[in-house]
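A quick write-up on the structure given underneath.
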Amino acid sequence: MTISQQLYDQINQLDLKKTRRSKIDHLQQEILFLRQWLNYCQIQSWLKKEKNIEISISQLAHCINHRWVDK
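The numbering of the sequence shown is the working numbering, which starts it at 3 and goes up by one.
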């Protein structure tokens with residue numbers, strides 16, 4: 003097996019869900035708590051106003067539904 007094939011195999015074995023980080027990952031617990039009562043638009047507004055973080059609704063929904071909940 004060549005070095006390039008070995009590297010390719012190693013890259014394919016990485017769990018990218020665990021290595022990729024978003025700008026709201028550090029707020030995961032807080033956002034999941036708020037999600038019980040607020041919709042995505044309201045959480046987006048809260049992030050902008052209280053945490054000075056701008057994020058699209060689709061990015062927010064992706065983090066909640068695919069990165070945090072589907073573990």
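The beta carbon of each residue, even a glycine, is placed where N, CA and C say it ideally should be. Source: prediction; values computed, not measured.
(request) Using the Cα positions of Gln8 and Arg37, report the straight-line distance between them to the nearest angstrom. (result) 42 Å
(message) Since Ile26 and Ile57 should fall inside the 8 Å C-beta cutoff, what is the C-beta to C-beta distance between them, to a whole number of angstroms?
(response) 6 Å
(request) Can you give me the Cβ contacts of Ser24 inside the same chain, cut-off strictly under 6 Å, excluding the 5 residues immediately before and after it? (result) Cys65
(message) For Gln44 and Trp70, which I take to be in contact (beta-carbon distance under 8 Å), what is that distance rounded to the nearest angstrom?
(response) In fact, because the Cβ distance is near 18 Å, the residues do not count as touching under 8 Å.
(request) Could you tell me if Gln15 is buried or exposed, where buried requires 16 or more neighbouring beta carbons within 10 angstroms of its beta carbon? (result) exposed
(request) Check Leu9 in the structure and name its three-state DSSP category. (result) helix
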